[in-house]
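Chains as they are written, first to last, in my numbering: chain A, 765 to 908; chain B, 3 to 151.
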């Protein structure tokens, strides 16, 4: 496997986000990708039936939304800073605002503070209406 | 004997929750989550290690999202355990502190306790560990809404 640092250099030059999202097994497994179709870097979790946590509603598993929010924060840090390793999560607080329907979910992370050792991020996840987020998170990461 | 009845009930509840998870919770089934212990005090759920759950390919350490899923599921089961039945519940919030990285290759256990239950809201805390709860990988606190009684 090529080192993450090497892949990051390629992705930062070419914008081929897939090189990065595919090298992380868990994001590949959940179907989480990074895209920039609107001039803004967003994270998308493609719907698949194995993401369901409640079959009777049906609704996405809360854990998969937590994973999307955390992944969006990690990709934001990897693409917007000069980090050469996957940042280590210190803590995350997730608010579940609405149940996730069986469809694609988008997420956008914003760096609220980038220190020398610690980064704080705010993340929102939504489906068809960005004004109605389905989950949000505050996350802290330790930088390498 | 009352204690035998209680044990029987708990066993039955554990079996029915495991059946429910594998029949009606596709994501828990996909991850192979199993309730390994259930009582009035709370619940313990096991997450087998899998390459699919790795968040850092350079170290093999699990992605935090997999830990979130395990803890969310375990906290929900701890609420059922406190209510002594299954009801419709939804997670309102969940805070997780990552105390040290999970060890690659090892299964992860989460132990959750519902320490306060009101008619509408359940308050839960949880620890994730590799078998020794005194050396936790993650510590969590969450709240759940009881959607229907």
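All C-beta atoms in this analysis are idealised placements derived from N, C-alpha and C, irrespective of residue type, glycine included. Remember, predicted model here, so these are calculated numbers, not experimental data.
CB contact below 9 Å: residue i versus chain B
i, result
"residue 845 of chain A", "no"
"residue 797 of chain A", "no"
"residue 826 of chain A", "yes"
"residue 858 of chain A", "yes"
"residue 818 of chain A", "yes"
"residue 791 of chain A", "yes"
"residue 875 of chain A", "no"
"residue 852 of chain A", "yes"
"residue 879 of chain A", "no"
"residue 794 of chain A", "yes"
"residue 834 of chain A", "yes"
"residue 768 of chain A", "yes"
"residue 776 of chain A", "no"
"residue 787 of chain A", "yes"
"residue 779 of chain A", "no"
"residue 898 of chain A", "no"
"residue 831 of chain A", "yes"
"residue 772 of chain A", "no"
"residue 815 of chain A", "yes"
"residue 782 of chain A", "no"
Proximity test, Cβ basis, 9 Å: residue i and chain A
i, result
"residue 6 of chain B", "Its pLDDT being 44, under 50, residue 6 of chain B is placed unreliably by the model, and nothing is read from it."
"residue 152 of chain B", "The requested residue 152 of chain B does not occur in the structure, where chain B is confined to residues 3 to 151."
"residue 11 of chain B", "no"
"residue 138 of chain B", "no"
"residue 56 of chain B", "yes"
"residue 53 of chain B", "yes"
"residue 100 of chain B", "yes"
"residue 59 of chain B", "yes"
"residue 94 of chain B", "yes"
"residue 48 of chain B", "no"
"residue 70 of chain B", "yes"
"residue 132 of chain B", "no"
"residue 110 of chain B", "no"
"residue 20 of chain B", "no"
"residue 73 of chain B", "yes"
"residue 66 of chain B", "yes"
"residue 26 of chain B", "yes"
Bridge partner(s) assigned by DSSP for residue i
i, result
"residue 884 of chain A", "A:877 and A:904"
"residue 125 of chain B", "B:118 and B:145"
"residue 853 of chain A", "A:905"
"residue 44 of chain B", "B:41"
"residue 100 of chain B", "B:140"
"residue 111 of chain B", "B:48 and B:131"
"residue 778 of chain A", "Paired residue(s): none; residue 778 of chain A is not in a bridge."
Backbone secondary structure at residue i - three-state DSSP
i, result
"residue 143 of chain B", "strand"
"residue 861 of chain A", "coil"
"residue 847 of chain A", "coil"
"residue 894 of chain A", "coil"
"residue 772 of chain A", "helix"
"residue 29 of chain B", "helix"
"residue 130 of chain B", "strand"
"residue 12 of chain B", "helix"
"residue 869 of chain A", "strand"
"residue 105 of chain B", "coil"
"residue 784 of chain A", "helix"
"residue 18 of chain B", "helix"
Inter-residue CB distance, residue i and residue j (contact presumed, cutoff 8 Å)
i, j, result
"residue 889 of chain A", "residue 837 of chain A", "Residue 889 of chain A to residue 837 of chain A, Cβ: 11 Å. No contact."
"residue 80 of chain B", "residue 115 of chain B", "6 Å"
"residue 98 of chain B", "residue 123 of chain B", "Contact doesn't hold; Cβ gap of about 19 Å is too wide."
"residue 809 of chain A", "residue 868 of chain A", "7 Å"
"residue 815 of chain A", "residue 65 of chain B", "Not quite, the Cβ-Cβ distance comes to about 15 Å (not below 8 Å), so this is no contact."
"residue 791 of chain A", "residue 835 of chain A", "5 Å"
"residue 133 of chain B", "residue 95 of chain B", "28 Å between Cβ atoms; not a contact."
Contact test: residue i Cβ vs the ligand ATP heavy atom, cutoff 8 Å
i, result
"residue 123 of chain B", "The model on display carries no ligand, and the ligand ATP is accordingly not part of it."
Exercise for the section: Go through the stretch 48–89 of chain B residue by residue and report every complete run of the beta strand (DSSP E) that reaches 3 residues or more, in order. Expected result: For the stretch 48–89 of chain B, whole beta strand (DSSP E) runs of length 3 or above, ordered along the chain, are 56–58.
Practice task
May I have a chain-ordered list of the beta strand (DSSP E) segments no shorter than 3 residues that lie completely inside the stretch 789–845 of chain A?
Solution key: You should have 796–799, 806–809 and 816–818.
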